[in-house]
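To start, the structure under review is shown below, and the notes come after it.
Residue numbers (the numbering used here): 48 to 939.
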């Protein structure tokens with residue numbers, strides 16, 4: 048008994064052993080209850096006004112703008128609710144308002160690293176974006192580590208696994224401010240969208256609709272689709288699905304602010320209607336079909352705006368087969384062009400038809416065409432072979448009624464055919480043309496074995512070309528495409544083969560064998576044409592692009608009998624630049640036929656000049672001029688050379704063998720002709736030619752006797768003397784001895800600027816014999832003289848300026864009778880002159896001995912080439928004079 052009482056006064060051993068466990072259990076339970084209460088309290092805390100302010104403060108400190116919201120609540124069972132969410136960027140360019148956002152996420156899914164949002168509603172979102180004018184882009188100089196690209200072998204994982212999203216009554220406005228401060232906006236309104244994203248292996252669906260407006264009738268965009276991914280996850284492999292898109296009455300111009308958001312400035316207008324359907328099978332686009340039209344398509348603005356009268360249409364159908372692109376049909380039709388493509392990834396057939404004139408009008412919106420104009424109908428078909436690193440193309444084409452123009456000049460209309468076989472090796476950066484043939488009215492040009500490095504690739508260029516051309520038909524194209532002279536005509540048949548090859552900086556152009564021209568004819572108005580039955584040309588020319596030099600290894604143009612027409616035995620031109628100064632040095636040694644050269648240089652020689660003879664001359668030229676003042680090249684030109692001829696003709700002046708010394712100093716060429724035999728007399732000249740002038744003028748250095756005892760003839764009379772005195776008009780069988788002393792002479796080398804001729808001199812002609820023309824015939828009839836007479840033109844001062852010859856008194860002794868002329872004759876054949884006849888007031892002849900007696904004066908009528916005595920005015924004047932004489936006698 049005592050023992051039991053004693054034991055009852057102390058705890059048992061079992062109770063002592065369980066006490067620590069109970070303490071731990073109670074502690075864990077307490078911690079759990081605290082955490083649970085904390086977790087349950089978090090939504091309440093966040094939903095409170097203090098929690099709202101805390102969240103907004105955190106957000107606003109991390110963004111460049113101001114975020115606001117009216118209410119925000121979070122519940123473990125009620126989900127997340129937010130009303131009147133707003134955002135205003137600091138620069139005022141972005142404004143966002145959302146009426147309501149509700150979502151019921153499954154929080155427990157987060158434990159499995161999933162985001163399941165459940166039912167989500169975004170009600171009445173509004174977005175307003177303002178875009179300022181885009182400044183000119185500046186190339187980035189930022190360097191650093193390259194951006195990481197996703198590994199294609201890693202499956203794509205969606206950040207959200209389950210969602211039932213509904214977007215209601217959304218509006219998005221994009222406002223573009225132009226450089227002139229005007230604004231343009233587009234509004235996407237009534238945006239509605241549903242997205243039902245389900246578990247993998249199940250079908251997910253989505254739909255979108257919106258209206259697009261910019262103040263006009265709104266266009267609509269509708270899209271919907273469904274996709275079923277495999278159970279293993281969201282990957283394209285083994286995924287099936289369908290998508291459809293429908294667009295109605297969408298104005299392309301309204302999308303300009305949206306494109307500006309992507310940095311694109313597009314001036315395109317029109318109304319787009321279209322539908323597209325896509326079917327995906329096992330991760331491949333099995334079928335894609337699209338049909339779209341754009342009505343009233345326009346490009347550009349203002350005067351540069353072009354509007355198509357007919358719709359632009361695109362239809363496409365294709366897909367992927369065995370992971371390869373398949374194009375069943377791709378058709379593009381515009382008012383000026385249609386294109387069709389079909390085939391597979393590695394082989395595509397194409398056909399293109401285009402109206403070149405309309406195509407050119409369209410291209411003018413994007414590039415400057417250099418004044419060229421094209422018209423005609425292009426029709427091309429061919430095939431593209433696309434292999435790894437290489438693109439090859441073969442095809443044929445035609446252009447019907449090709450019309451080529453440039454700056455108002457038009458070439459003859461022709462049909463063109465073209466075939467080609469070419470390839471681009473992207474790995475080697477080399478373009479090769481195995482063969483290309485161009486055939487048109489002037490003839491055929493063939494190109495073969497062309498190798499052309501592209502990009503930064505280094506390597507030789509090779510080219511072989513062969514041409515067979517009718518020069519008469521090809522020359523108009525040269526006149527349009529180049530500055531070939533308009534008053535020169537060419538004819539003949541050209542056959543030529545040329546190779547071009549580069550080695551480093553050296554380019555070699557060489558004829559294969561000899562180029563031939565049969566029945567060559569070079570003609571210019573009022574000159575004898577240059578004609579050759581056969582011309583052979585051999586050339587080997589090198590161009591050093593590094594030294595900017597040209598070397599002529601061979602240039603030999605020969606006639607049918609092997610005679611030299613032009614042969615350059617040495618030819619070097621080198622141009623360099625250093626310290627802002629350009630340098631030009633050139634040296635030529637050549638043998639040439641003057642008749643050939645004069646025809647080629649006809650645009651730069653005085654009209655009517657013909658030269659003959661074979662020459663061998665050397666020319667040395669050099670110039671130094673500032674790099675930024677290219678017009679100073681001629682002004683600083685220096686050089687020496689010789690020139691001459693065996694025979695020359697110029698307006699009836701027939702020169703014998705003559706040598707000219709040419710010395711060029713600072714762009715001024717000194718031209719000296721010592722006493723030269725001309726028409727049994729002498730011609731001398733010492734003057735200058737300013738090479739910088741346009742046109743160029745030959746100027747006399749000092750007064751001198753240019754012509755001394757030179758015999759005249761019918762050509763001189765018709766071409767020159769007719770503009771000196773009317774008595775020479777229509778005269779034939781002319782002879783005489785002329786002398787001409789010149790005090791001032793400015794002679795334009797171009798026949799287009801004769802009105803700038805300036806002559807001050809004294810002319811006299813002795814021993815003139817001729818068969819009289821109409822005017823002189825009238826005078827001889829009055830004097831009862833024979834048509835064939837002897838005359839003398841006494842030395843007379845004449846002045847020629849602005850295309851008109853003037854003098855005060857030119858006396859011509861008609862046998863023993865004096866004729867005196869006063870007035871002017873124009874190169875335009877205008878005549879303003881008075882003739883004092885060798886008749887007294889009593890109509891009796893007056894001889895030279897009484898030349899000072901009172902004589903009849905009569906105005907001349909007609910033109911320079913057809914002058915005549917105005918008989919009616921002669922009678923009128925004489926009647927007035929008789930009445931005046933009678934009155935004076937009565938009142939003495």
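Each residue gets a CB set at the ideal place from its N, CA and C atoms; glycine is no exception. Note that the coordinates shown come from a computational prediction; the quantities given were computed from them, not determined experimentally.
Residue nearest to residue 682 in terms of C-alpha spacing, selected from 803, 694, 738, 225: 738
Where residue 276 falls: helix, strand or coil (DSSP): coil
Paired residues, beta bridge with residue 257 - DSSP: 268
Contact under 7 Å by Cβ, residue 150 with residue 126: yes
Buried or exposed (CB count within 10 angstroms, at least 16 for buried), residue 139: exposed
C-alpha gap between residue 729 and residue 557, whole angstroms: 47 Å
Three-state secondary structure (DSSP) of residue 919: helix
Residues of its chain near residue 339, where Cβ-Cβ distance is below 6 Å and the 5 sequence neighbours each way are ignored: 321, 361
Buried or exposed by the 16-neighbour rule on C-beta atoms within 10 Å, applied to residue 186: For residue 186, the pLDDT reaches just 48, beneath the cut-off of 50, and the residue's location in the model is therefore unreliable, although a value from the coordinates is still provided. It is exposed - the Cβ of residue 186 has fewer than 16 other Cβ atoms within 10 Å.
Residues near residue 221 by beta carbon distance below 6 Å, same chain, minus five either side: 176, 233, 304, 305
Identity of the residues DSSP links to residue 743 by a beta bridge: Beta-bridge pairing links residue 743 to no other residue.
Residue 767 (DSSP reduced to helix, strand or coil): coil
Environment of residue 419 [buried if 16+ CB atoms lie within 10 Å]: exposed
Distance, residue 264 Cα to residue 392 Cα: 41 Å
The segment 872 to 889 / the segment 759 to 766 touching (three or more Cβ pairs under 8 Å): no
Whole alpha helix (DSSP H) elements within the segment 590 to 667, 4-residue minimum: 641 to 647
Helix, strand or coil at residue 314 [DSSP, three-state]: coil
Local conformation of residue 85 per DSSP, three classes: Per-residue confidence for residue 85 stands at a pLDDT of 48, beneath the threshold of 50, marking its modelled position as unreliable; the derived number appears in the next sentence. Looking at residue 85 - three-state DSSP - the assignment turns out to be helix.
Candidates 810, 816, 676, of which the one nearest residue 853 by Cα: 810
Proximity of residue 215 and residue 170 at Cβ, strictly below 7 Å: yes
Integer-rounded CB distance, given that residue 517 should sit under 8 Å from residue 487: Actually they are not in contact, since the Cβ atoms of residue 487 and residue 517 sit about 10 Å apart, beyond 8 Å.
7 Å Cβ cutoff met for residue 693 and residue 669: no
Proximal residues to residue 781 (C-beta, below 7 Å), its chain only, five neighbours per side dropped: 759, 760, 761, 764, 817
Segment contact flag, the segment 799 to 806 with the segment 823 to 837, C-beta cutoff 8 Å, min 3 pairs: no
Buried or exposed (CB count within 10 angstroms, at least 16 for buried), residue 14: Outside the modelled stretch of the chain, which goes from 48 to 939, sits residue 14, for which no answer is possible.
Option in 773, 897, 443 with minimal Cα separation from residue 911: 773
Proximity to residue 586 [Cα-Cα], best of 572, 577, 562, 723: 562
Member of 850, 640, 846 whose CA lies at the smallest distance from the CA of residue 856: 846
Other residues of its chain near residue 521: CB distance less than 6 Å, five sequence neighbours each side excluded: 489
Residue 868 - containing alpha helix (DSSP H), residue span: Where residue 868 is concerned, there is no enclosing alpha helix (DSSP H), although the beta strand (DSSP E) it sits in stretches over 864 to 873.
Beta-carbon contacts of residue 664 that lie in its chain and below 7 Å, excluding the five residues immediately before and after: 637, 688, 689, 690
7 Å Cβ shell around residue 358 - same chain, five flanking residues per side excluded: 340, 341, 342
Rounded separation between residue 605 and residue 705 - CA only: 25 Å
Assumed close pair residue 470, residue 519 - CB separation to whole angstroms, cut-off 8 Å: With 8 Å as the limit, residue 470 and residue 519 do not qualify as a contact, their Cβ atoms being about 37 Å apart.
Three-state class that DSSP yields for residue 800 in the structure shown: helix
Sufficient close CB pairs (3 or more, under 8 Å) joining the segment 546 to 556 to the segment 529 to 538: no
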